Amino acid sequence: MIYCEDTKQVLSWHISKKCLFKHAKKLFEKAIEVAQIRPKKIITDGLYQYAAAIKKTIGWNWKVHLKQRFFISSGSLKNTWMKNSWTLCSTRMK
């Protein structure tokens, strides 16, 4: 799930049984299509496919952009509600 921190609007979400690169890429493509702007920073839960998907869809280079704009949060503060909603959705899919 991707949401705008300023407006609190959900930009895109994708539910799948596996965490693959193509799913992460599709998630970022939907968010860029809805927002129609590139983000200033991205905070994720640390899924390793996100860095590659961000590079592919947004075009950020790791040495130049990703070190400054890509943050991994443990989920203790801002990311908690997203993890809780993902847990709820994944249990309903089973």
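Sequential numbering of the sequence shown, starting at 3, is according to the numbering used here.
Ideal Cβ positions, reconstructed from N, Cα and C, are used throughout, including at glycine.
Since the model is a prediction, treat every value here as computed from it, not as a measurement.
Beta-carbon proximity of residue i to residue j, cut-off 8 angstroms
i, j, result
"K58", "K24", "no"
Residue i classed as buried or exposed, judged by whether at least 16 other C-beta atoms fall within 10 angstroms
i, result
"L29", "buried"
"I4", "buried"
"I39", "exposed"
"I56", "buried"
Identified DSSP bridge partners for residue i
i, result
"S14", "I4"
* To do: Count the CB pairs spanning the region 10-18 and the region 46-54 that are closer than 8 angstroms, and state whether there are at least three.
  => no
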